[in-house]
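Trainee: Below is a structure I'd like to ask you about.
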Amino acid sequence: MSKDHDHSELSETALRVKALESLLIEKGYVDPAALDELVDTYETKVGPRNGARVVAKAWSDPEYRKWLISDATAAIASLGFAGRQGEHMVAVENTPNVHNMVVCTLCSCYPWPVLGLPPVWYKSAPYRSRAVIDPRGVLAEFGVKIDEDTEVRVWDSTAEIRYLVIPMRPTGSEDMKEDELAALVTRDSMIGTGMALKPGAVGR
Amino acid sequence: MNGAQDLGGTMGHGPVNPELDEPVFHGDWERQVFALTLAMGFFGQWNIDEGRFARESLPPAQYLSSSYYQIWFAALCKLLVANGFATDEELASGKQIMAPRSLPRKPLTAGEIPLILAKGGPADRTEPGPAKFKVGDKIHTRNINPHTHTRLARYLRDRTGEIVMVHGAHVFPDSSAQGLGDDPQWLYTVRFSARVLWGDDRNPNDHVHADLWEPYLVAA
C-alpha cells in the first residue's frame, strides 16, 4: 500500500468522523463543550505523571508501599487518582527476582487514572500478540534484558482489574526526595516494558 | 467469540515499534472519536461489554487493518444505529433525516465530567454465593468457543493453573454483553506456567496471569 493511499484513507476517515460529530450535535445528543472537556482531561490533566507520584511515594514511604501492595485502589485514591478505568487497581512490585509486565491481549485495558490513555503500541497487534508468548523478546525490543533466572510475570488484563507495575528503585537514588524520584519513573516502567531511569538520565 | 481481537500468542504481526514522544492523539479525528464514544456511552444504552463486542465482531480483515480509533469509530457507528440514535443514511450524509430518539438522560455537560470520570463504573457486585475456589487452589479452564462475547482468551482454554487472588464478585461479561444483566460471578486471578501455555521450550521461571470468572473454571 502506497503512502498516498494510506493518507487518503485516513482523510476519508477524518471526513466521516467530522460528519458524525456534526450529526450528533445537530440531533442534540452531544454538547461540543463536553467533547472538548473530555479531550482536555486526557490530553492535559490525566497521564503517567500521576502514576509516577504513586511509585515515588511507595519508594520513599514503607507504610505507603505496604498499603499500595495490599489495597492499591485505596492507596492510589488517597493521592487523588481514581475513577474510570481505575476502579479496581492491583499494584505488582518488581524485585531482583521478579519482573512484571502488563498487557491486554483482548482489547486495550489500561489504568487511565494513573497512566492516562495507552500509547498506540500497547493497543496494537504486535504487542498484544507477543507479550504473553514471548515477553522476553518483546522486552529486548524495548532494550530491557531480563536475567534467565529472573521470573517474568505477565499480567493479561482480561477483567476490570487494572495493573500498575512498581519498578525497582534505581541505585544512586537513595538520597533523593519524592519529587525528584517521581522524575525517574517513566510510563514504560509502570507498564513493565522499561526500567526506572538512573539519576541523571532522561527518557520516556 | 473467536474473533481478530483474540490476539494472545498469534504470530506474524511484526515488531512493536514504540513511537518516541508519542502524542495522546494523532489528529483531531482521533480526539473526536474518543470524545464521541465516551459522551454517547454516558446515555447507558450499551455497557462496556456490549461496546467491546461491537469492536471484536468487526470482520477480522477489517479489524486487523484498522487503527485503534478506526475500530472505535466503526463500533460506535454500529452501536448508534443499533440503538436508534442514527440511521445509516444519516451517518453517510452527516445530516439529520430522522427526528432524534428520546433520551434516557440529558446530554453530558462539561461541568459534570470531572465527577462522572472520578466515579467511574465499578464492576464489583454482591456475591451470588460462597466462592468455589481459594488462593492456592489448582484449577482447569473450560474449553468453550461461544459465538458471543467472552473474556476467556483462546490461549487460556483447557489449561491448568493456580488461583493467586480472589477479587469478589464482578459483572460477568459473557452475560452482560448479551444484555442479560450483570449476572455477578466470582472473579479470580489465575497463574499459568509459560510451559503449560506454550510448551517445554519456554523459560521455566515465567508465568502469565489472567483474571478469570468462576464459570470459566473447574477444580483440577
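Residue numbers (the numbering used here), protein chains in the order written: chain L, 3 to 206; chain H, 123 to 342.
Just so it is clear, CB atoms sit at the ideal spot from N, CA and C, and this is done for glycine as well.
Taking all protein chains shown into account, do 16 or more other C-beta atoms lie within 10 angstroms of the C-beta of isoleucine 193/H, making it buried, or fewer, making it exposed?
Mentor: Counting Cβ neighbours within 10 Å, isoleucine 193/H comes out buried, since at least 16 surround it.
Trainee: Going by beta carbon distance, what residues of the same chain come within less than 6 Å of cysteine 106/L, once the five residues before and after it are set aside?
Mentor: Excluding sequence neighbours, cysteine 106/L sits near Ser159.
Trainee: Does any residue of chain L have a CB that is nearer than 8 Å to the CB of alanine 299/H?
Mentor: By this cut-off, alanine 299/H is not an interface position.
Trainee: Per DSSP, serine 315/H forms a beta bridge with which residues?
Mentor: Paired residues: His329/H.
Trainee: Apply the 10 Å Cβ neighbour rule to serine 72/L and answer buried if 16 or more other Cβ atoms are within range, or exposed otherwise.
Mentor: Exposed.
Trainee: Give me the subset of the region 49 to 77 of chain L whose CB atoms are less than 7 Å from a CB atom of chain H, sorted by chain position.
Mentor: If the cut-off is 7 Å between Cβ atoms, the region 49 to 77 of chain L has nothing near chain H.
Trainee: Would lysine 217/H count as contacting chain L if we go by Cβ distances under 8 Å?
Mentor: Judged by the 8 Å Cβ criterion, lysine 217/H is in contact with chain L.
Trainee: Taking DSSP as the reference, what is the three-state secondary structure of methionine 123/H?
Mentor: DSSP places methionine 123/H in coil when its eight states are reduced to three.
Trainee: Check the Cβ of leucine 309/H against every Cβ in chain L and list those closer than 8 Å, keeping chain order.
Mentor: Per Cβ cutoff of 8 Å: Ala161, Ile163.
Trainee: Check the DSSP bridge columns for tryptophan 335/H and list the partner residues they point to.
Mentor: Per DSSP, Leu309/H.
Trainee: Secondary structure at lysine 260/H, three-state DSSP: helix, strand or coil?
Mentor: Lysine 260/H falls in the strand class under three-state DSSP.
Trainee: Please say whether phenylalanine 83/L and proline 115/L have beta carbons closer to each other than 8 Å?
Mentor: Closer than 8 Å, so yes.
Trainee: Output the boundary residues of the beta strand (DSSP E) element that contains leucine 117/L.
Mentor: Leucine 117/L -> not in any beta strand (DSSP E); alpha helix (DSSP H) instead, spanning 114 to 117.
Trainee: Quick check on this structure: which residue in Ser131/L, Asp136/L, Ala54/L, Leu117/L has the alpha carbon closest to the alpha carbon of valine 48/L?
Mentor: Minimum Cα distance to valine 48/L is reached at Leu117/L.
Trainee: Compare the beta carbon distance of glutamate 143/L and valine 138/H with 8 Å and say whether it is the shorter of the two.
Mentor: The answer is yes: Cβ separation under 8 Å.
Trainee: Sort out for me which residues DSSP pairs threonine 282/H with in a bridge.
Mentor: Paired residue(s): His262/H.
Trainee: Enumerate in chain order the residues of its own chain whose CB-to-CB distance from alanine 316/H is below 7 Å, with the five nearest sequence positions on each side excluded.
Mentor: Answer for alanine 316/H: Arg324, Asn325, Asp328, His329, Val330, listed in chain order.
Trainee: Compute the Euclidean distance between the alpha carbons of methionine 162/H and leucine 22/L, then round it to the nearest angstrom.
Mentor: One C-alpha to the other measures close to 12 Å.
Trainee: Which same chain residues end up closer than 7 Å to asparagine 267/H when comparing Cβ atoms and leaving out the 5 residues on each side of it in sequence?
Mentor: So the qualifying residues of the chain are Asn124.
Trainee: Taking methionine 91/L as part of the beta strand (DSSP E), name the residues at either end of that continuous run.
Mentor: Residues 90 to 95.
Trainee: Taking valine 105/L as part of the beta strand (DSSP E), name the residues at either end of that continuous run.
Mentor: Looking at the DSSP string, the run of the beta strand (DSSP E) that includes valine 105/L is 100 to 105.
Trainee: Would alanine 126/H be called buried (16 or more neighbouring beta carbons within 10 Å of its own) or exposed?
Mentor: Under this definition alanine 126/H is a buried residue.
Trainee: Determine the contact status of isoleucine 148/L and arginine 132/L, defining contact as a CB-CB distance below 8 Å.
Mentor: Going by C-beta atoms, isoleucine 148/L is not nearer than 8 Å to arginine 132/L.
Trainee: Tell me which same chain residues have a C-beta within less than 6 Å of the C-beta of phenylalanine 147/H, skipping the five on either side of it?
Mentor: Within the same chain, phenylalanine 147/H has close Cβ partners Arg153.
Trainee: Would you mind giving the Cβ-Cβ distance between isoleucine 235/H and threonine 43/L, rounded to the nearest angstrom? I have them listed as a contact below 8 Å.
Mentor: Right, the Cβ-Cβ distance comes to about 7 Å (below 8 Å), so this counts as a contact.
Trainee: Are the CB atoms of leucine 334/H and threonine 263/H within a distance shorter than 8 Å?
Mentor: Taking 8 Å as the Cβ cut-off, threonine 263/H and leucine 334/H qualify as a contacting pair.
Trainee: Roughly how many angstroms lie between the CA atoms of proline 226/H and tyrosine 31/L, to the nearest whole one?
Mentor: Straight-line Cα distance between these residues: approximately 11 Å.
Trainee: Is the CB-CB distance between tyrosine 190/H and lysine 59/L below 8 Å?
Mentor: No; because the gap between Cβ atoms is not below 8 Å, this pair is not in contact.
Trainee: So, for tyrosine 112/L: in the same chain, excluding its five sequence neighbours on each side, which residues have a beta-carbon less than 6 Å away from its beta-carbon?
Mentor: Around tyrosine 112/L: Pro120.
Trainee: Specify the secondary structure class of alanine 142/L as computed by DSSP and reduced to three states.
Mentor: Helix at alanine 142/L.
Trainee: So if I threshold CB-CB distances at 8 Å, which residues from the region 26 to 43 of chain L count as touching chain H?
Mentor: Correct list: Leu26, Glu28, Lys29, Gly30, Tyr31, Val32, Asp33, Ala35, Ala36, Leu37, Asp38, Glu39, Leu40, Val41, Thr43.
Trainee: Apart from the five residues just before and just after glycine 88/L, which ones in its own chain have a Cβ nearer than 8 Å to its Cβ?
Mentor: Contacts found: Thr75, Ile78, Pro113, Trp114, Pro115, Val116, Arg164.
Trainee: Compare the C-alpha of aspartate 128/H against each of Phe175/H, Leu160/H, Phe164/H, Trp168/H and name the closest.
Mentor: Looking at the Cα atoms, Phe175/H is the closest of the given residues.
Trainee: Do the region 302 to 310 of chain H and the region 242 to 255 of chain H touch if we need at least three Cβ pairs shorter than 8 Å?
Mentor: Touching, yes.
Trainee: Going along chain H in order, which residues have a C-beta closer than 7 Å to the C-beta of glycine 85/L?
Mentor: Those within 7 Å of glycine 85/L in chain H are Leu239, Ala240, Lys241, Gly242.
Trainee: Considering only residues of the region 6 to 66 of chain L, which uninterrupted alpha helix (DSSP H) runs meet the minimum length of 4 residues and lie entirely inside it, listed in chain order?
Mentor: Runs of the alpha helix (DSSP H) inside the region 6 to 66 of chain L: 34 to 42, 50 to 62.
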